[in-house]
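Enquirer: Residue numbers (the numbering used here): 76 to 240. Backbone N, C-alpha and C fix where the C-beta goes; we use that ideal spot for every residue, glycine too. In this text, all values refer to a predicted model and were calculated from it rather than measured experimentally.
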C-alpha cells in the first residue's frame, strides 16, 4: 500500500481520506456511547446526564458555572439535568464556602455507583480498542483529539488531567 492509502503521509490527505476519518469518528462515537446509552435508557436519562455525572465525578465540588463551561450547554438545559439528578439522589448541591451564591456539586454514593457502571463500560471498550491498535496508535489518537479541540477547551482538558481529579 502506498503512504497516501495507509494514511502515513499525513501532510497530503485527500478529501476522501478526510471524509473516511469523519465517518470513522461518527461510527466510533456511536460505539463509545452505545453501552452507557443502554444503561441510561433504563433510568430515563440521556447523554447530558452522563456527561454531567462524569465531570462532577472528575472534579468533586465543581461549580454549576464551571460545569456549564465544560459541557457547553445552556443554563436552562443544565438546570433541567441537574434538577433530575438531585431529585433522584445522584447529585448533591451544596452552598459554596467562599461564595454563598455558588453551588458546588458532588456525586452521592448512588451517583458514584452509576458513574462507575457507565465508566466501566466505556473503559472496557477503550481498553480493547487501545490494545488492538497498539501504543503508537494510542499516542497518535490522543494527539489528534487534542489538536481538534478549541484552544480554551484544550487548556481545560489539560487542567483537568493535571489536577489528578
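(1) Please report how far the alpha carbon of residue 141 lies from the alpha carbon of residue 235, in whole angstroms.
(2) Does the separation of the CB atoms of residue 139 and residue 157 fall below 9 Å?
(3) On a Cα-Cα basis, can you pick out the residue from 161, 125, 119 that is closest to residue 196?
(4) In angstroms with no decimal places, state the Cα-to-Cα distance between residue 150 and residue 144.
(5) Do residue 161 and residue 168 come within 9 Å of each other at the CB atom, strictly closer than that value?
(6) Report the rounded CA-to-CA distance for residue 96 versus residue 214, giving the unit in angstroms.
(7) Can you tell me where the beta strand (DSSP E) holding residue 133 begins and where it ends?
(8) For residue 166, does the count of other Cβ atoms within 10 angstroms reach 16, so buried, or fall short, so exposed?
Expert: Quick answer:
(1) The sequence position of residue 141 within the chain shown is 66, counting from 1. The sequence position of residue 235 within the chain shown is 160, counting from 1. Distance from the CA atom of residue 141 to the CA atom of residue 235, rounded to whole angstroms, is 12 Å.
(2) For this step, residue 139 is matched to residue 64 along the chain shown. For this step, residue 157 is matched to residue 82 along the chain shown. Contact: yes.
(3) Taking the first residue of the chain shown as position 1, residue 196 is located at position 121. Checked all of 161, 125, 119; the closest Cα to residue 196 is 125.
(4) Locating residue 150 in the chain shown gives position 75, counting from the first residue. Locating residue 144 in the chain shown gives position 69, counting from the first residue. Each residue's alpha carbon lies about 10 Å from the other.
(5) On the chain shown, residue 168 is found 93 positions in, with the first residue counted as 1. On the chain shown, residue 161 is found 86 positions in, with the first residue counted as 1. Result yes, Cβ atoms of residue 168 and residue 161 sit closer than 9 Å.
(6) Position 21 of the chain shown, counting from 1, holds the residue named residue 96. Position 139 of the chain shown, counting from 1, holds the residue named residue 214. Residue 96 and residue 214: Cα-Cα distance of roughly 17 Å.
(7) Counting from 1 along the chain shown, the entry for residue 133 is found at position 58. Going by DSSP, residue 133 is part of no beta strand (DSSP E) but of the alpha helix (DSSP H) stretching over 122-133.
(8) Along the chain shown, read from residue 1 onward, the residue named residue 166 stands at position 91. When all chains shown are included, residue 166 counts as buried.
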